[in-house]
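Take a look at the structure below.
Chains as they are written, first to last, in my numbering: chain B, 222 to 337; chain A, 4 to 116.
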């Protein structure tokens, strides 16, 4: 079946602009995660959803970052007043929520965001 | 603070030999560990995992070992193949912060013919 998809694959914007990044999870997966990966580092957790609600948003760096998942499937990560430091690859993952602790997250290809 | 550490940024190994990747963690609450593999311009791909109730898990050429007392895990790839050339990330999660994976910085593996 289809994996996690993310659009756009690349986004170039200017400092101060607003951007939206989209994630389509694997069909049937109820949990969805956002991570950010900077050059030379591992992915850094931002937020995760169980269904429509944000279960843990402790990784969002500040109030310029916001994410929604209104129907429990597709999610949008929104960044206001972008800064050059926001440049990174934004990764989305989804998982089945099997009820067990061993619930594997499957990642999409990411959106490379460049803020000029 | 970096709770998951991969201290070797790179590893070069000859085809057919064993690759050993190491990972250390500091949070004693971590109880589930994963390894992901990443090719350039792609997202991380799940490779293998291990729960804290085990000390070894094997899947084909890949074996993960967990030493809880040392807060250390390792990934063994035997035999190494050219297609294994990628960046490998170690990740961990804790039951009290379920869903929040914490990743190491990764190890670049190059398998030479």
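Glycine included, C-beta positions come from ideal geometry on N, C-alpha and C. This one's a predicted model, so the numbers in the text were calculated from it and none came from an experiment.
Check the Cβ of residue i against every Cβ in chain A and list those closer than 7 Å, keeping chain order.
{"i": "residue 311/B", "result": "Those within 7 Å of residue 311/B in chain A number zero; the least Cβ separation is about 11 Å."}
{"i": "residue 331/B", "result": "46"}
Where does residue i fall in DSSP's three states?
{"i": "residue 274/B", "result": "strand"}
{"i": "residue 115/A", "result": "strand"}
{"i": "residue 284/B", "result": "coil"}
{"i": "residue 302/B", "result": "coil"}
{"i": "residue 297/B", "result": "strand"}
{"i": "residue 324/B", "result": "coil"}
{"i": "residue 98/A", "result": "helix"}
Show which residues of chain B have a CB atom less than 9 Å away from the CB atom of residue i.
{"i": "residue 106/A", "result": "256, 258, 262, 263, 264, 265, 266"}
{"i": "residue 103/A", "result": "254, 266, 269, 277, 279, 280"}
{"i": "residue 63/A", "result": "Those within 9 Å of residue 63/A in chain B number zero; the least Cβ separation is about 17 Å."}
Going along chain B in order, which residues have a C-beta closer than 7 Å to the C-beta of residue i?
{"i": "residue 92/A", "result": "263"}
Step through the CB atoms of chain B and report whether any lies within less than 8 Å of the CB of residue i.
{"i": "residue 52/A", "result": "yes"}
{"i": "residue 36/A", "result": "no"}
{"i": "residue 19/A", "result": "no"}
{"i": "residue 100/A", "result": "yes"}
{"i": "residue 86/A", "result": "no"}
Give the DSSP bridge partners of residue i, in chain order.
{"i": "residue 333/B", "result": "231/B, 310/B"}
Comparing the C-beta of residue i with each C-beta of chain A, is any distance below 8 Å?
{"i": "residue 340/B", "result": "The requested residue 340/B does not occur in the structure, where chain B is confined to residues 222 to 337."}
{"i": "residue 277/B", "result": "yes"}
{"i": "residue 252/B", "result": "yes"}
{"i": "residue 335/B", "result": "no"}
{"i": "residue 273/B", "result": "no"}
{"i": "residue 325/B", "result": "yes"}
Kindly list, in the order they appear in chain A, the residues whose Cβ is closer than 9 Å to that of residue i.
{"i": "residue 328/B", "result": "39, 41, 45, 46, 47, 48, 49"}
In chain order, which alpha helix (DSSP H) runs of at least 4 residues are fully inside the segment 10-52 of chain A? As far as the segment 10-52 of chain A is concerned, it has no whole alpha helix (DSSP H) run of at least 4 residues.
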